[in-house]
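Worksheet: the structure to be examined is printed underneath.
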Amino acid sequence: MTVTFDAQSLPELQNQQIAHPWRKKPPIFTLSVILATVIPLAIVALVYVGTDIPGAVVMTVVYFPLQMIASGIAAFATRGKRGIADSIIIVNAIGATLFSLIILISVIGSLIIRGISALSLHFLYQNNVYVSPSTPLEYGGIGHAVIGTLLIVGISTLIAVPIGVATAIYITEVRGRAVPYVRFFVQSMAGVPSVVAGLFILTIIVATGAFSQGAFAGGLAYAILMLPTVARTAEEVLKLVPEDLRTGALALGSTRARTVFKVVLPAARTGIITAIILGIARVIGETAPLLLAAGSVDSTVLNPFGGPIASIPTYIFNNVALPYPDAVARAWASALVLLVLVAILFVLARIFGRGRLSSK
Amino acid sequence: MEMIDVENAEGIEVLETQMEKAQSSAPTEIEMSSRELSVWFGKRKVLEGVNIDFPKKSVTALIGPSGCGKSTFIRTLNRLHELIPGAALAGSVLYEGRDIYDRDVDPVQIRLKIGMVFQKPNPFPSMTIRGNVLSGLKLSGMKRSNHDDIVEETLTAAGLWTEVKDRLGAAAGELSGGQAQRLVIARALAVQPHVLLMDEPCSALDPASTLKIEETIRELSKDVTIIIVTHNMQQAVRVSDYTAFFLAAENEPGHVVEQGLTTEIFGNPQDQRTLDYVNGRFG
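Just so you know, the protein sequences line up as chains V and Z, in that order.
Read in order, the letters of the first sequence are residues 1 to 360 in the numbering used here.
Read in order, the letters of the second sequence are residues 1001 to 1283 in the numbering used here.
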C-alpha cells in the first residue's frame, strides 16, 4: 500500500520563513508587562525623592513587595489564578539574583575605587624595604607579599592535596572499616577556626624550635585549613564516577590501585582540580594563621625556611588601619591584587582541567 | 512474508550447525563449572544449588525472567560478586581444575582469564579508542608486544575496525552505544581471556548493533568460551550452543530449572515451566 502526495498539497519547503510561534504574545500581555514594570518603579521614585527614607530601605520595604503585587496582578490579568504563583516565584528569583550580583559588584567596585590610586606596575613587583606608611605612592609595592602568598599557598597545596585526595580515595575506593570515623574527623576539621590552626602551628612547630616562623610554617597552618575542603570535595567527585568504570577495570584483571590511578582519578580529573581550587580559595585570604605562623616583613624572602615572610593578607592587616591615606590605599590595592590572583588561578585551573579529551 | 521465511531458514541453519557442532565434539571438554553454588546478599538468599558445566569454546546462554539471579550468577564466575557489600557465597566454581574461591587464588588473575562485558557499555572516558583497547594490558600489567597489531586484531574481531580505523586517537566518548559496546568487547579480548562473560550485552542497543554483536559472538566462540545472559529468547537461539534456564519463585532463591543443548531446551523442553517460558507465556 502506498500513499501518494499531491505536489500542490505539500508545503513549499524552499520558501519557508523562520518563525517563533511560541513567542507570539497577545497585546494585553505586552501592556501588562509594561504596566507591571513601570508603575512600581514610578511609585518608588516618588517615595525616594519625596521622603528621607534611605534608598536601601525603599528598595526592600517598598519596591520589592510592590513589584510582587504588580506582577501578581499582571499575571492574573493575562493567565488567570495559576499565573500568580508563577509570577511571585519569578520575581523572587530575579530579585535574589540581582541582590547577589549587587553585592559582588559593590565588593569589586569598592576595591577598585579605594585601591586604584595605589595601583601601578611597580606596586606589583617592588618590595617594602625603604617604605614607611607615609611614603608617597610613587615608591614601594607588594611584590614581596605576592611572592610570599604564592609560596605559602604552594606549600600548603603540596601538603594538603595529596593527603586530601588520599583521604577521599580511602573513603570512596578503599571503603575500609574506619570510613565513618575518618569522615567525622574530616568534617570536624572543617570547623577548626583559622586562628586555632595558626596557634597550633605556633606552639607545635615554632615554639618548639623545629622551624622558625616563615613560609613553611605558614604553609602548614594553611594546609590544616585546606585539607578538609579538598578531602570533602574530592570525595564528592569520586562518588560521581560511575561504578561501571570500576567494575569494568577490575574485570580486565586490574588491581585496586591501578583501577584508582588509571581509571577513577583520570575520569574525575576536572572534579579533582575543582577540589584543589576550592581548597586554595578557602585559605588564600586567611590572615590570622599567617600572623602567628609566618610573621611579616618588608623584604622579599624566597627561602621557605628563611624566617618571617610577607603575605598579602598580613600586608592588608598591617596597613588598612593606619592613619595614613596612602597606606590605606595600598591595603585596598593589595586586596584587589589578591582578588585578581585568585581569578587567575581559577582560569588556569579551568584551562588545565579541560585537558586533551573531553571527559563527560 | 518473504522476509520472515528467510529469517526462519537462517534460524534453522544456525540450529543445524549447532547440532552438528554439539554432536561432533562429544564428549565435550569442560572449561569451567559451578558446583552447588548458592549466593546471598546479606541475609537474603538469591541463588541455590546451581550446577552448570560450560563446555570449552561454546556459547552458553543463561535465560530466565528478571530477578531470577542470572546476572548475580555470572558475576560469581569471575569473582566480581564479592565486591558488593554484604555479598556471600557457598559452593564452588571450578576453573582449570581448581576452585576459584580457594583461599590462595588471586581474584585479579582469575579476572584476567575470565573477561566480562557488561549490560551498559563502559568505555573509559579519559582514554582514546586505542587507549581503551590497550587499557587491559596497562591495567593488568600484562606484557604483549606489537600493540598496533593487537588493536587491529581485537577491533576486527569485535567488528568495529572498519568504523574506527581512521580515528583511533579520538575520545571513546564520541562512539555510539553500539560502537562503544563493541569497543568494550575488543578491550576484553586484548588481554586474551579464555572465557568471556556477557551480561545482557545487547539490552541497550538497537537491532542493527545487536546483530553485529551476535555475529561477533559466533565468530569469537571459535576461540573463546562464552557465557551470555540474555532476556531475548531469539538471541539465545541464534547465538548459543547450550542454554540454562533460571527461575525464582516469589521470595525464594533462584535455581536452574533445566539445562542442556539449546536445541533441546527450545525444541523439546522437559519441564512445563521451561516450555511456557521459551514460548513467551510468562516472564
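Glycine included, each C-beta is placed from N, C-alpha and C at the ideal position.
Non-local beta-carbon contacts of Phe1054 (chain Z) in its own chain, meaning distances under 8 angstroms to residues more than five positions away in sequence, involve Ile1030, Glu1031, Met1032, Ser1033, Thr1060, Val1195, Thr1225, Ile1227 and Tyr1242 in chain order. In this structure, Gly109 (chain V) keeps its C-beta atom at 9 angstroms or more from the C-beta atom of Ile88 (chain V). Put simply, the backbone Cα of Trp22 (chain V) is about 25 angstroms away from that of Val38 (chain V).
In summary, Ile102 (chain V) is exposed, with fewer than 16 beta-carbon neighbours lying within 10 Å of its beta-carbon over all protein chains present.
Close to Thr247 (chain V), with beta-carbon spacing below 9 angstroms, are these residues of chain Z in chain order: Arg1075, Leu1080, Leu1083, Met1116, Phe1118 and Asn1122. For the pair Phe1073 (chain Z) and Glu1219 (chain Z), the Cα-to-Cα distance works out to about 25 angstroms. Under the 8 angstroms Cβ criterion, the segment 218 to 237 of chain V counts as touching the segment 141 to 160 of chain V, having at least three qualifying pairs.
With contact defined as three or more Cβ pairs closer than 8 angstroms, the segment 280 to 298 of chain V and the segment 1147 to 1157 of chain Z are not in contact. Against Pro1207 (chain Z), chain V offers no close residue; the least beta-carbon distance is about 23 angstroms (beta-carbon pairs closer than 7 angstroms). In this structure, Val230 (chain V) and Ala160 (chain V) form a Cβ contact; the two beta carbons are roughly 6 angstroms apart against a cut-off of 8 angstroms. In this structure, Leu1134 (chain Z) and Val1151 (chain Z) form a Cβ contact; the two beta carbons are roughly 7 angstroms apart against a cut-off of 8 angstroms.
Counting only runs of 3 or more residues that sit fully inside the segment 1242 to 1272 of chain Z, the beta strand (DSSP E) segments are 1242 to 1247 and 1255 to 1261, in chain order. Shortest Cα-Cα distance from Leu1047 (chain Z) to any of Z:Arg1103, Z:Leu1175, Z:Phe1245 and Z:Val1278 involves Z:Phe1245.
Shown here for Ser334 (chain V): same chain residues with a beta carbon closer than 6 angstroms to its own, the five before and five after excluded, namely Ile142, Ile312, Tyr315 and Ile316 in chain order. Checking the DSSP bridge columns, you'll see Thr255 (chain V) has no partner listed. With fewer than 16 other CB atoms across the displayed protein chains lying within 10 angstroms of its CB, Phe352 (chain V) is exposed. Distance from Thr255 (chain V) to Val1108 (chain Z) at the Cβ level is roughly 6 angstroms; contact confirmed, criterion being Cβ atoms closer than 8 angstroms.
Neighbourhood of Ala251 (chain V) in chain Z, by CB distance below 7 angstroms: Asn1078, Leu1080, Arg1111, Gly1115 and Met1116, in chain order. Taking a Cβ-Cβ threshold of 9 angstroms, the residues of chain Z close to Val263 (chain V) are Phe1124, Ser1126, Met1127, Ser1135 and Leu1139, in chain order. Between Ser120 (chain V) and chain Z, the shortest Cβ-Cβ separation is not below 9 angstroms. Between Ala275 (chain V) and chain Z, the shortest Cβ-Cβ separation is not below 9 angstroms. Nearest CB-CB separation between Arg1182 (chain Z) and chain V: not below the 9 angstroms threshold. The beta carbon of Phe123 (chain V) sits closer than 7 angstroms to those of Gly141, Ile142 and Ala333, all from its chain and outside the five residues before and after it, given in chain order. The Cβ-Cβ distance between Ala331 (chain V) and Gly115 (chain V) falls below 9 angstroms. Within 10 angstroms of the beta-carbon of Ser1140 (chain Z) lie 16 or more other beta-carbons, which makes it buried. Interface with chain Z (9 angstroms Cβ-Cβ cutoff): Pro242 (chain V) is included. Contact between the segment 231 to 251 of chain V and the segment 198 to 214 of chain V is absent, with fewer than three C-beta pairs closer than 8 angstroms. Annotation: Cβ neighbours of Arg1187 (chain Z) in chain V (cutoff 9 angstroms, chain order): Gly248 and Leu252.
Three or more Cβ pairs closer than 8 angstroms define a contact, and the segment 229 to 243 of chain V meets that threshold against the segment 159 to 179 of chain V. As computed with DSSP, Trp1040 (chain Z) is found in a beta bridge with Z:Lys1045 and Z:Ala1088.
Taking the beta carbon of Thr259 (chain V) as reference, the chain Z residues within 9 angstroms of it are Leu1139, listed in sequence order. From the beta-carbon of Val1191 (chain Z), the residues of chain V found nearer than 9 angstroms are Leu252 and Gly253.
Residues of the segment 177 to 204 of chain V with a C-beta less than 8 angstroms from any C-beta of chain Z: none at all. When beta bridges are read from the DSSP output, Thr1128 (chain Z) appears opposite Z:Ala1171. In this structure, DSSP gives Arg177 (chain V) a state outside helix and strand, which the three-state scheme calls coil.
Judged by DSSP in its simplified three-state form, Val1117 (chain Z) adopts strand.
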